[in-house]
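FYI, the UniProt record's numbering numbers position 431 of the sequence shown as 431, with every residue one higher than the one before it. Below is one structure, written out as structure tokens; comments come after it.
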Amino acid sequence: MSAADGEGFAIDPTQVRAWKRYPAYKDSGVEWLGEVPEHWEVRRLKTLCLRSALYGANVAATAYTTTGVRFIRTTDITEDGHLKETGVFVPEELVKDYLLKGGDVLISRSGTVGRAFLYDSGEHGPCAYAGYLVRFVPSENVLPKFVFLFTKTQAFADFLQVTAISSTIENVNGEKYANAAWLLPPLPEQQAIVAFLDRETVRIDALIEKKHRFIELLEEKRQALITHAVTKGLDPDAEMKDSGVAWIGKVPAHWEVRAFTRCAIEQADYRGATPTKTESGIFLVTAKNIRKGWIDYEASREFVSEIDYLTIMRRGLPRLGDLLLTTEAPLGYAALVDREDIALAQRVIRFRMDPSLFEPRFVLYSVLSPYFQNQMLCQSTGSTVLGIKASKLPQLKILCPPVSEQQQILALIDKKCAMPDKILERANRQIALFKEYRTALISAAVTGKIDVRGEEAA
């Protein structure tokens, strides 16, 4: 990693071990904690709190409003412990016994098990919390942020794993959290650790944000190149004609403008009853799995049984190269089928395009281009979630050059995007390294594997 990549760090950002260790350690007596500094206490979380394991309010979705008190649910908390910008509100009288106070720590007990949130009244305003969250109120000699940071450590992740193995249900109730082993350094040391991590994580986050901005700019340039290629072709001197589509303008005169659905020899959507999910079996590709140009098999991992497969897929089985298009949540994401052993869920429509008219990748690039996306937006409906009805799809238009020209366009895109793709891959690897280092540094400092006393003001 270059010096520029690690700019702002006192050390190489992958080398947590470079920090000094404490002079003496002792066995914590807890397998997933290991050795801890000799003068640190090992306590149960509930003994660090004035109030412990308080469950949130159960409020029906029909009671949600656009004003009142912010009602925090497990889904409102990000992986990093931040509160999402969008959320729901409820009347204060419904949740008056569940209002949060500054320094309260919330931990998820179901779904996103272990995900935590530190409440700040000045930053977040009046908030209450939902039933799948557990509230802890730290004592005066315990920094709330130190409690929160412990939930970001590998030790806490190991606790969750051990607890999950001993349970048949994927949740961790309030009692288990309350009885979990927690580390307690002296208060001045907690303050030093929190100050040190505040400084270092700001540096790391700034580097990550810088990389994200770089990736966005590179992807914009990449998309602009692709869009120009699939709408204007390769010959700058080609005779042009009006496409008749507002978002396209002029196109090469020998290109055709066709109705999108009429270019498909097969079209199938899989609306109907939600299929029964299983722990294993055939992978169910949902709208969550469809990205802009690829299928993300990690975004959602759901399965259906092999016995039910043919019933679920009675409208047609996928083949390699088929186009998948999401119609809602999200709208207009598309990818090509890259494996045939999958089932398809609602809000995903499958198209098998006429091979005499289209190369599959040319269709994919076209569908993801602004001219096609704008058509979908124009035909969509919905106040909160935009969606397009199947009956509106025949109104969408797609540009159709000769197949031989499509192949030339794809070859140029491959050539021009080869280097940007490598740069994007490298930038994403760097982001992953920074995030890995961030997690490792928090774990090391909060569990006493490194001694950061005196480093907080460095």
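Where a beta carbon is used, it is the ideal one built from N, C-alpha and C, also for glycine. Here the structure is a predicted model, which means the values were calculated and not measured.
Query                                                                                         : Result
Cβ-Cβ separation, Leu323 to Pro370 (assumed contact under 8 Å), whole Å                       : 18 Å between Cβ atoms; not a contact.
Inside the stretch 47 to 134 only - alpha helix (DSSP H) runs reaching at least 4 residues    : 121 to 124
Where Asp104 falls, given that 16 or more other Cβ within 10 Å makes a residue buried         : buried
For Ile398, the first and last residue of its enclosing beta strand (DSSP E)                  : 397 to 400
Distance CB(Phe71)-CB(Ala116) smaller than 8 Å                                                : no
Pick from Pro91, Pro144, Val134 that is closest to Arg126, judged by C-alpha positions        : It is Pro, not Arg, that sits at residue 126 in the sequence shown. Per the Cα distances, Pro91.
Alpha-carbon to alpha-carbon, Thr153 and Ile193                                               : 13 Å
heavy atom of the ligand GDP below 7 Å from Arg347 C-beta                                     : For the ligand GDP, the structure offers nothing, since it holds no ligand at all.
Which residues DSSP lists as bridging Val137, in chain order                                  : Arg51
Of the listed residues Gly122, Arg203, Glu41, Tyr132, nearest to Trp182 (C-alpha basis)       : Glu41
Closest by C-alpha distance to Leu234, when choosing among Gly34, Leu106, Ile413              : Ile413
Alpha-carbon to alpha-carbon, Arg271 and Gly316                                               : 13 Å
Phe89 versus Val69: straight-line alpha-carbon distance, rounded                              : 5 Å
Three-state secondary structure (DSSP) of Lys292                                              : coil
Through-space distance from Leu217 to Ser338, alpha-carbon basis                              : Going by the sequence as given, residue 338 is Asp instead of Ser. Approximately 28 Å, taken between the alpha carbons.
DSSP state of Ala273 mapped onto helix, strand, coil                                          : coil
Under the three-state DSSP convention, the category Val348 falls into                         : strand
Residues near Phe159 by beta carbon distance below 6 Å, same chain, minus five either side    : Trp32, Ala180
Cβ separation of Phe214 and Ala427, assumed to be a contact under 8 Å, to the nearest whole Å : 6 Å
8 Å CB neighbourhood of Cys400 in its chain, flanking five on each side removed               : Trp255, Glu256, Val257, Arg258, Cys263, Leu357, Phe358
For Glu279, the three-state DSSP class (helix, strand or coil)                                : coil
Cα-Cα separation, Gln375 to Gln395                                                            : 9 Å
Inter-residue CB distance, Phe372 and Ile409 (contact presumed, cutoff 8 Å)                   : That belief does not hold up - the Cβ atoms of Phe372 and Ile409 are roughly 16 Å apart, past 8 Å.
Val348 beta carbon less than 8 Å from that of Val285                                          : yes
Buried or exposed (CB count within 10 angstroms, at least 16 for buried), Leu50               : exposed
Three-state class that DSSP yields for Lys241 in the structure shown                          : strand
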